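Inspection log for the structure reproduced underneath, given as structure tokens.
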Amino acid sequence: MLGSVSNPLTALIVDDEKAARGMLRRRLEAFEDVRVVGESDDGISAIALINQLKPDLVFLDIQMPEVTGFDVLPYLKERPMIVFCSAHDQYAIQAFEEQALDYLLKPVSHDRLAQCLERVKRQHGYRVHFEQKLEKLICHHRDSYQVVWLREVRTMHKEGRYTAVVTNQGSVYLTDLTLDELESQLPSQFFRVNRSGFVRHEVVQRMRLKPSGSGEVLLDDGSWIPLAKQRIQSFRVWLAGPSVH
Numbered sequence: 000m001l002g003s004v005s006n007p008l009t010a011l012i013v014d015d016e017k018a019a020r021g022m023l024r025r026r027l028e029a030f031e032d033v034r035v036v037g038e039s040d041d042g043i044s045a046i047a048l049i050n051q052l053k054p055d056l057v058f059l060d061i062q063m064p065e066v067t068g069f070d071v072l073p074y075l076k077e078r079p080m081i082v083f084c085s086a087h088d089q090y091a092i093q094a095f096e097e098q099a100l101d102y103l104l105k106p107v108s109h110d111r112l113a114q115c116l117e118r119v120k121r122q123h124g125y126r127v128h129f130e131q132k133l134e135k136l137i138c139h140h141r142d143s144y145q146v147v148w149l150r151e152v153r154t155m156h157k158e159g160r161y162t163a164v165v166t167n168q169g170s171v172y173l174t175d176l177t178l179d180e181l182e183s184q185l186p187s188q189f190f191r192v193n194r195s196g197f198v199r200h201e202v203v204q205r206m207r208l209k210p211s212g213s214g215e216v217l218l219d220d221g222s223w224i225p226l227a228k229q230r231i232q233s234f235r236v237w238l239a240g241p242s243v244h
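Numbering that gives the first Met the number 0 puts the first residue of the sequence shown at 0, with every later residue one more than the last.
Here is the structure:
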């Protein structure tokens, strides 16, 4: 659930323009179940503040000097819900490719912010419930259902309207959950390499760049899977991090 007056959703505002931060804060003050816990005026300090405060939601400006809003994302230890804010609509496609929950055009109206927070409410409630449950998946297998523990999963990929779950033993199961539904619910040892799939940290051997600017990831079984161009930087950060079992 979004929260209540006694247990509000925590939010952080990142924008290099003081006036824009002030306006958004005042808009948010109209919602009793949202509490602004901090502000940042640049990308570098935003990274430190987000990692320290661990807010539920970040309103993130895109165009900032030196470090853009997009540049901030790979350095977050835990990914909060992200709402990008911009005076221009030209970044909307990239924002949603980065799994943003919403994209707000500045100046943000009360009604548009209310609409955004309704979306946040649904997602936050789903995340809280799901994070308590997602140690295993209930999957289709032939004419029955199978419990598949995430610790036994190596990759996942889109398979029609299902998501195919591939285990360390080579078995393939199908879950009704979409990749987008799984995106924020999977443990940190899983990474979404492209629009069509996830890979587990332990099975990755190395990554290489292609002339087109995209990449490929080598798995421990000798297979290569495509890595989207816009995910290369965050993949490098993830790959260099610890493998969580």
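Glycine included, each C-beta is placed from N, C-alpha and C at the ideal position. Please read all numbers here as calculations on a predicted model, not as lab measurements.
Looking at the DSSP output, Asn193 bridges to Gly196. Taking C-beta separations shorter than 7 Å and ignoring five residues to either side along the sequence, the partners of His139 in its chain run Tyr172, Leu173, following chain order. Close CB contacts of Asp15 within its chain, under the 7 Å cut and outside five residues either way in sequence, are with Asp40, Asp41, Asp60, Met63, Pro64 (chain order). Apart from the 5 residues on each side of it in sequence, Val146 sits with its Cβ closer than 7 Å to the Cβ of Lys135, Ile137 in its chain, given in chain order. Of the other Cβ atoms in all chains shown, 16 or more fall within 10 Å of the Cβ of Ala99; this residue is therefore buried. In terms of Cα proximity to Arg199, the closest of Arg230, Leu149, Val33 is Leu149. Put simply, of Phe30, Leu178, Pro186 the residue whose alpha carbon is nearest the alpha carbon of Gly159 is Leu178. Judged by DSSP secondary structure, Leu149 falls outside any beta strand (DSSP E); it is assigned neither H nor E. In this structure, Asp219 is the residue among Gln114, Ser195, Asp219, Arg194 with its C-alpha nearest to the C-alpha of Gly169. Residue range 17 to 27 is occupied by the alpha helix (DSSP H) that includes Gly21. Of the candidates Ser143, Arg153, Glu180, Leu23, Glu180 places its Cα closest to the Cα of Tyr161. Considering only Ser187, Leu112, Arg194, the residue with the shortest C-alpha distance to Glu28 is Leu112. Leu75 and Gly37 do not touch by the CB rule: their CB atoms are close to 14 Å apart, not below 8 Å. Looking at the DSSP output, Phe95 sits in no beta bridge, so it has no partner there.
Taking C-beta separations shorter than 6 Å and ignoring five residues to either side along the sequence, Ala47 has no partners in its chain.
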